[in-house]
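Going by the working numbering, the first residue of the sequence shown is number 2, and it counts up by one from there. All C-beta atoms in this analysis are idealised placements derived from N, C-alpha and C, irrespective of residue type, glycine included. Remember, predicted model here, so these are calculated numbers, not experimental data.
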Amino acid sequence: MCRQFIELCRRLDLFSQSIVAIDGAKFKAVNNRDRNFTSGKVRARMEQIEQSIDRYLAAMDTADRAQPDVAEAKTSRLKDKIAKLKQQMQDLKSMEERLREAPDGQVSLTDPDARSMATSGRGTGVVGYNVQTAVDDKHHLIVAHEVTNVGHDRAALATMAEQARAATGIEDLEVVADRGYFNGEEILACEQAGITTYVPKPLTSNSKADGRFGKQDFVYVAERNEYRCPAGQSLIYRYTNLEAGLTTHAYWSSHCQQCSIKTQCTKLSFRRVRRWEHEDVIDAMQRRLDREPEKMRVRRQTAEHPFGTIKHWMGSTHFLTRTLARVSTEMSLHVLAYNLKRLISILGIRPVLAAMGT
Numbered sequence: 002m003c004r005q006f007i008e009l010c011r012r013l014d015l016f017s018q019s020i021v022a023i024d025g026a027k028f029k030a031v032n033n034r035d036r037n038f039t040s041g042k043v044r045a046r047m048e049q050i051e052q053s054i055d056r057y058l059a060a061m062d063t064a065d066r067a068q069p070d071v072a073e074a075k076t077s078r079l080k081d082k083i084a085k086l087k088q089q090m091q092d093l094k095s096m097e098e099r100l101r102e103a104p105d106g107q108v109s110l111t112d113p114d115a116r117s118m119a120t121s122g123r124g125t126g127v128v129g130y131n132v133q134t135a136v137d138d139k140h141h142l143i144v145a146h147e148v149t150n151v152g153h154d155r156a157a158l159a160t161m162a163e164q165a166r167a168a169t170g171i172e173d174l175e176v177v178a179d180r181g182y183f184n185g186e187e188i189l190a191c192e193q194a195g196i197t198t199y200v201p202k203p204l205t206s207n208s209k210a211d212g213r214f215g216k217q218d219f220v221y222v223a224e225r226n227e228y229r230c231p232a233g234q235s236l237i238y239r240y241t242n243l244e245a246g247l248t249t250h251a252y253w254s255s256h257c258q259q260c261s262i263k264t265q266c267t268k269l270s271f272r273r274v275r276r277w278e279h280e281d282v283i284d285a286m287q288r289r290l291d292r293e294p295e296k297m298r299v300r301r302q303t304a305e306h307p308f309g310t311i312k313h314w315m316g317s318t319h320f321l322t323r324t325l326a327r328v329s330t331e332m333s334l335h336v337l338a339y340n341l342k343r344l345i346s347i348l349g350i351r352p353v354l355a356a357m358g359t
C-alpha cells in the first residue's frame, strides 16, 4: 500500500526534484533493557551478584555476634537473599550458553528480534529497531523505508538508494546521507548503479587526534600514482595487499628519517599511506561535497523532519507489536499515515480524494 501511494505521488509529478535524503533512527521495541542480554551485560551482572553475596556473607558474620534472637532472624533473611542471588547466578550462566549460540551475541526475551543499539547520546542506548528512510527534499515525503535490527547504518546506503530510485522513477538520482553511512563499498555500488552520493567522510585518524598530520594532508597525484606529503616529498607505490576483503595499495617515502617535520607526521621510521583500489570514487565524492557543502544542510532539513513527526505521534513507547515482521507492518502504517497527511497539506483534501479516485 505504501508503494501504491508513492505511485500516486509519481502520477501527481511530486518527485521532479532529484535529491533524496537517507537517514536512520532507533525506535524502542516492546522489550525492557533488563530483558535484553549481551555477554558484557551478563558479566557485569555476575560481578554485581558476587559482590552482593560477599557483602551478605560479611553481614552474617556480624549478625552472629548479636543477640541470639536477633542473630537468628537476621541470618535467616540474609540466607534467603543469598539463595536468590545464587539462583540468579545460575540463570545468568544458562543465559551465557544461549548467548554463545546466538548468531549476533544478543538475546531478547520479550521481543526476540529486538536488539540493543547505541543512540546519539553519549553512553546511551535503546533496545529496539533501526528504521531506514529515504525522503524527497521538496515535499518531505517518505519514498522508501525499511525496518532492520542492525544497530548501524554502514551497510544501508546502496539498498535504500536503489529503493528510492525505483520508487521515484528518477534515473539520475542524487542521494545525501550523514557520515554514519560512509562505506567505500556502498558508495562504489551507488556509483556503479549511476546514483550520485554525498556522504561526508568520518575523521577517524589516530594521527589527527594526536596532533599529527592525517591522511587528508597527503595529496594523491593520479598521473604518477603517488602521494605528496606536507613536506613536499613523494610517497611512491610499494606493494598491494588484501585487508578486510579490500584491495589496498601502500605508499611511503625513503626521506622520512631526514625530514625536519617528522615528529608532526609519525612515530615510526616511515609514514605509510594506504589507498583503496577504488579510492578515486571517494575522492570524486569529496570534491562534490567541497563544491556543494549546502547538501549537508539539505540533508538535515529533509531527513530529520519525518522521524521527529512520527516519533511524536507514536509517543514514548514507540512500537506496540513484537518481532521484525509485525514491527515492519506497524511502521508501514505510520509511514502511510505520515505521507497521506503530508499530501493533504500540499494539495488539499479535495484534490487528494480526486487523485485517489482516478
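Reduced DSSP category for residue i - H, G, I as helix; E, B as strand; rest coil
i: Q107; result: strand
i: V200; result: coil
i: A184; result: Looking at the sequence itself, residue 184 is Asn, so the reference to Ala does not match. In this structure, N184 counts as coil in the three-state DSSP scheme.
i: F6; result: helix
i: D112; result: coil
i: G25; result: strand
i: I20; result: strand
i: V31; result: coil
i: G212; result: coil
i: G358; result: helix
i: S206; result: coil
i: T76; result: helix
i: R155; result: coil
i: A84; result: helix
i: L321; result: coil
i: E1; result: Missing from the structure shown is residue 1; the chain here goes from 2 to 359 and no further.
i: A194; result: coil
Anticipated Cβ contact below 8 Å, residue i with residue j, distance rounded
i: R56; j: L93; result: Contact flag wrong, Cβ pair sits at about 18 Å.
i: H140; j: R343; result: 6 Å
i: A165; j: V148; result: Contact doesn't hold; Cβ gap of about 16 Å is too wide.
i: Y252; j: E227; result: 6 Å
i: V31; j: L325; result: About 12 Å; that fails the 8 Å criterion.
i: A276; j: H250; result: Per the sequence presented here, residue 276 reads as Arg, with Ala not at that position. Contact holds; Cβ gap of about 5 Å.
i: T39; j: Q89; result: Not confirmed; about 17 Å, so no contact.
i: M118; j: K27; result: 5 Å
i: I20; j: D173; result: I20 to D173, Cβ: 11 Å. No contact.
i: G126; j: T134; result: Their Cβ separation, rounded to whole angstroms, is 21 Å, which puts G126 and T134 out of contact at 8 Å.
In DSSP terms, what residue i is bridged to
i: R11; result: Beta-bridge pairing links R11 to no other residue.
i: H256; result: Looking at the DSSP assignment, H256 forms no beta bridge with any residue, so it has no partner.
i: N242; result: T249
i: S235; result: R229
i: R275; result: A251
i: I143; result: V136
i: T149; result: N131
i: N37; result: S109
Closest Cα partner of residue i within the set the options
i: E280; options: R292, T248 and L290; result: T248
i: E295; options: M161, I283, R273 and D179; result: D179
i: Y240; options: K263, R229 and S254; result: S254
i: E51; options: K87, T39, N33 and I20; result: K87
i: M315; options: V299, R327 and H335; result: H335
i: I262; options: R288, D284, P231 and E278; result: P231
i: Q217; options: R229, Q234, R301 and E187; result: R229
i: A159; options: G126, Q193 and G215; result: Q193
i: T330; options: M61, V43 and H146; result: H146
i: T111; options: R155, K29, L174 and E172; result: K29
i: C191; options: I237, S53, A119 and V282; result: V282
i: S235; options: C260, G212 and R292; result: C260
i: R155; options: A115, T197, K202 and E172; result: K202
i: M2; options: R351, L348 and N340; result: N340
i: N37; options: G195, Q302, R99 and G349; result: R99
Residue i: first and last residue of the uninterrupted beta strand (DSSP E) it sits in
i: V177; result: E175 to V177
i: A135; result: G126 to D137
i: S117; result: R116 to A119
i: V220; result: V220 to V222
Endpoints, alpha helix (DSSP H) assigned at residue i
i: H335; result: L325 to L348
i: G309; result: E295 to M315
i: E51; result: S40 to A64
i: V282; result: E280 to R292
i: T267; result: No alpha helix (DSSP H) holds T267; DSSP gives it neither H nor E.
i: E163; result: L158 to T169
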